[in-house]
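Going by numbering that gives the first Met the number 0, 181 is the number at position 182 of the sequence shown; the sequence numbering is gapless.
Backbone N, C-alpha and C define an ideal beta-carbon position, used for all residues, glycine too.
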Amino acid sequence: MPFENLLIENLGAVRRITVNRPDKLNALNAQTLAELDRAFVAAGEDTSVRVVILRGAGEKAFVAGADISELAVVTPVQARDFARHGQRTMRTIELLGKPVIAQVNGYALGGGMELALACHLRIASEKARFGQPEINLGVLPGFGGTQRLLRVTGRGVALELCLIGAQIDATRAYELNIVNRVVAAGELDTATLALAEQLAASAPEALRSILDAVIIGGEADLVGGLDYEAQAFATCAATEDMREGTRAFLERRKAQFTGK
Ligand code: COA
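See below:
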């Protein structure tokens, strides 16, 4: 089935997914969420895809939140189901097993900030703006924002952003660990693609193991997390890529990882 609200491109081993509703600042309506589910499941299953970039179409926004015109008329049951749907989508991204980079050019507000937080790395243009403005609508973040923001910034900052609902700029987001890198607006595409290509050249099982150990292992206590890490280490040791990586070091050459 074709996508109405997403653009999908393959750039070598990098899949670039663009939320494409620029006239609505790429707001997430139910259909766009469903398309994101489908696009990420497909990216996860496709072995030729090593890294995913997620971005928003147009000059102004990554994603300006959940679609307020849909939110305005929901019943409580529909609201709960919408939140659950968004949470599932965010979790699919978080547990994809391949690095997902959020490329944030402009507004990442509400569900847009939550979407960026579900990605593994965030690279922002200096024009990016972040915020959880749901309080201004009489509601709270519902796609996991209260939980992921808490884990990224700690309680004080998460509470400040959610309780006050003010926007912050890219520099402040960098200071708060919300973004990994800030680049000039004109360099955002190139810088994100370069980062994605660097990751795509790495051993995919090792990438997966790192993501799982940090994300799934990180949700356990220290003993459980360390055990998870040791098991993942053993799994990597069963790959040809680990043989290649270690041999290449000893032979003073660049490793060629094949994903086996
Ligand atoms: N849901 C639905 N539509 C949205 C939207 C959202 N979250 N964010 C923006 N839009 C729409 C606007 O309604 C407008 O549509 P229209 O041209 O048909 O009227 C279009 O996108 C452009 O937005 P506009 O508000 O005119 O742009 P702006 O530059 O003046 O302001 C923002 C930009 C981001 C500050 C403003 O759009 C905004 O506050 N958006 C909502 C952010 C939010 O609260 N997100 C959390 C939702 S839970």
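{"Check": "Pull up the CB-CB distance for Asn28 and Glu69, whole angstroms please, since I reckon it's below 8 Å.", "Outcome": "5 Å"}
{"Check": "Which same chain residues end up closer than 8 Å to Ala56 when comparing Cβ atoms and leaving out the 5 residues on each side of it in sequence?", "Outcome": "Leu6, Thr17, Val18, Asn19, Arg20, Pro21 and Asn25"}
{"Check": "Is it buried or exposed, Gln131, if we count other Cβ atoms within 10 angstroms and call 16 or more buried?", "Outcome": "buried"}
{"Check": "Among all the DSSP beta bridges, which residues are the ones paired with Arg128?", "Outcome": "Tyr106 and Asp168"}
{"Check": "Once you ignore the five residues that flank Cys118 on each side, which residues in its own chain have a CB closer than 7 Å to its CB?", "Outcome": "Leu53, Ile92, Val99, Ile100 and Ala101"}
{"Check": "Indicate whether at least one CB of chain D lies closer than 8 Å to the CB of Ala233.", "Outcome": "Looking for chain D here will not work: only one protein chain is present."}
{"Check": "Should Ala172 go down as buried or exposed, given a rule of 16 or more other Cβ atoms within 10 Å for buried?", "Outcome": "buried"}
{"Check": "Any heavy atom of the ligand COA within a distance shorter than 7 Å of the CB on Glu133?", "Outcome": "yes"}
{"Check": "For Glu44, tell me which candidate among Pro140, Lys23, Leu95 and Glu243 has the shortest Cα-Cα distance.", "Outcome": "Leu95"}
{"Check": "Using beta-carbon positions only, say whether Glu113 and Gly153 come within less than 8 Å of one another.", "Outcome": "no"}
{"Check": "Which word fits Glu97, buried or exposed, when buried means at least 16 other C-beta atoms lie within 10 angstroms of its C-beta?", "Outcome": "The residue asked about is misnamed: residue 97 is Lys in this sequence, not Glu. It is buried - the Cβ of Lys97 has at least 16 other Cβ atoms within 10 Å."}
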